[in-house]
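Numbering (our numbering), first residue to last: 4 to 412. We put the beta carbon where it would ideally sit given N, CA and C, even for glycine. Computed from a predicted model, the values in this text were never measured in an experiment.
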Ligand code: DSN
């Protein structure tokens with residue numbers, strides 16, 4: 004058997020180029036991280052060979068003696084890390100985890116109340132383009148347009164009127180804390196299941212730096228590749244009484260065989276998350292986000308939600324004369340990778356926001372002074388988005404920060 008250099012030099016070259024791109028750019032995409040090398044090794048390992056269906060000890064194929072131990076380790080470690088009664092580590096990603104949660108206890112057409120996408124929600128929270136909205140009857144709650152914070156009174160009123168069978172909390176673009184206790188009380192008051200999608204903030208929750216939803220929610224889903232710093236994949240945590248329903252909804256309900264290599268990554272990150280280095284990275288992630296928000300606010304940027312309690316800073320760039328897309332493109336041209344985002348005031352198809360996340364820069368150890376420098380560079384680029392000479396200079400500044408803080412030494 005040959006290696007990649009022999010079999011596909013074209014793909015090898017692209018992988019090497021991607022590695023260069025990662026080293027030479029500052030990644031501020033809130034849903035990305037630079038994962039440990041150990042996890043990259045596991046994901047490219049012989050574990051990819053194995054077809055598994057079912058659960059440890061109850062498989063549909065032979066030869067599972069080692070992969071059963073791996074999956075049990077992942078389950079036990081995730082349960083211990085988050086203090087959960089049950090964990091399913093097979094979801095391919097957050098979207099498939101969410102589908103499985105819905106189908107575990109809902110029937111087609113059941114009512115679900117979730118957050119509006121432009122107010123922070125996620126496609127799988129019933130967006131019209133997602134199969135979730137074709138399967139269930141969604142209504143959406145919004146943030147207060149003044150404060151851009153969740154309006155719990157309005158949420159309670161909406162729940163009372165709509166009488167959903169499930170309420171979903173959690174967001175892709177909401178930088179403030181969510182009051183899970185309040186959500187849980189509202190869900191209980193209308194006899195609804197309470198489901199939290201903590202995909203973005205799982206690493207911060209694992210490090211116990213922000214409140215956990217696990218105590219309050221019937222179901223919690225998350226991805227392992229964002230702040231959690233593991234490989235690609237999803238996890239569902241739930242109360243014991245839903246364990247069977249969740250397991251059946253994952254397999255055979257919504258997935259067939261899953262990737263043991265990714266389950267190994269989940270096991271490893273759940274182990275590393277108990278160690279001081281992981282906790283320090285998460286702490287740094289939060290302080291860097293606050294620094295970024297403060298420095299951009301001082302330069303006259305409107306920070307959506309008035310600030311950040313997490314890894315996310317969402318900036319309304321329209322006051323500076325750009326759309327989110329123009330800001331994203333300008334920053335990409337100098338080596339800062341971000342993404343445009345809808346913000347609560349957006350009603351059309353133009354996104355006014357730029358979403359920044361500080362997970363990846365914290366993993367590569369970027370210090371506070373440099374975070375301030377990055378905020379200055381973002382501002383200078385946006386203010387000079389048509390000035391190629393200025394942009395060229397900023398690109399060199401970014402490259403020099405990247406060289407000082409390599410991702411993989
Ligand atoms: N939901 C997308 C994001 O937040 O960027 C992918 O995880």
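A direct Cα-Cα distance of roughly 37 Å separates residue 306 from residue 46. If you ignore the 5 residues before and after residue 331, its C-beta comes within less than 7 Å of the C-beta of 341, 342, 343 and 357, all in its own chain and listed in chain order. Residue range 279 to 301 is occupied by the alpha helix (DSSP H) that includes residue 286, with no beta strand (DSSP E) assigned at that position. Burial state of residue 115 is buried, judged by a 10 Å Cβ sphere holding 16 or more other Cβ atoms.
In the three-state DSSP reduction, residue 221 falls in the coil class, being neither helix nor strand.
In this chain, the beta strand (DSSP E) harbouring residue 116 covers 114 to 118. When C-alpha distances from residue 111 are compared across 117, 119, 118 and 102, the shortest belongs to 102. Less than 7 Å separates the beta-carbon of residue 204 from that of residue 313. Pairing residue 222 with residue 88, the inter-Cα distance amounts to about 10 Å.
Remark: C-beta atoms of residue 355 and residue 319 approach each other more closely than 7 Å.
Not one heavy atom of the ligand DSN is found less than 6 Å from the C-beta of residue 264. The beta carbon of residue 259 sits closer than 7 Å to those of 56, all from its chain and outside the five residues before and after it, given in chain order. Exclusion of the five residues before and after residue 35 leaves 363 as the residues of its chain whose Cβ lies within less than 6 Å of its Cβ. A residue is called buried when at least 16 other Cβ atoms come within 10 angstroms of its Cβ; residue 255 does not meet this threshold and is exposed. Shown here, residue 140 sits in a strand according to DSSP, grouped into three states. In the three-state DSSP reduction, residue 95 falls in the coil class, being neither helix nor strand.
Not one heavy atom of the ligand DSN falls within 6 Å of the beta-carbon of residue 224. Shortest Cα-Cα distance from residue 99 to any of 282, 81 and 235 involves 235. Secondary structure note for residue 24: its alpha helix (DSSP H) is the uninterrupted segment 12 to 26. With 16 or more other Cβ atoms from the protein chains shown falling within 10 Å of its own Cβ, residue 125 counts as buried. A distance criterion of 6 Å places the beta-carbon of residue 136 beyond contact range of the ligand DSN, judged by its closest non-hydrogen atom. Within the DSSP bridge table, the entry for residue 67 names no partner. Runs of the beta strand (DSSP E) lying entirely within the region 140 to 177, each at least 3 residues long, are 140 to 144 and 169 to 172 in chain order. By the Cβ neighbour-count rule, residue 49 is exposed, with fewer than 16 other Cβ atoms within 10 Å of its own.
Between the ligand DSN and the CB of residue 279, the shortest heavy atom gap is not smaller than 6 Å.
For residue 33 and residue 208, the gap between their C-alpha atoms comes out near 15 Å. Restricting attention to 282, 402, 106 and 299, the CA atom closest to the CA of residue 253 is found in 106.
Under the three-state reduction of DSSP output, residue 90 falls in the strand class.
Taking a 10 Å sphere around the C-beta of residue 17, we find fewer than 16 other C-beta atoms and assign the residue as exposed. Remark: C-beta atoms of residue 317 and residue 138 do not approach each other more closely than 7 Å. The alpha-carbon of residue 348 is positioned some 22 Å away from that of residue 160.
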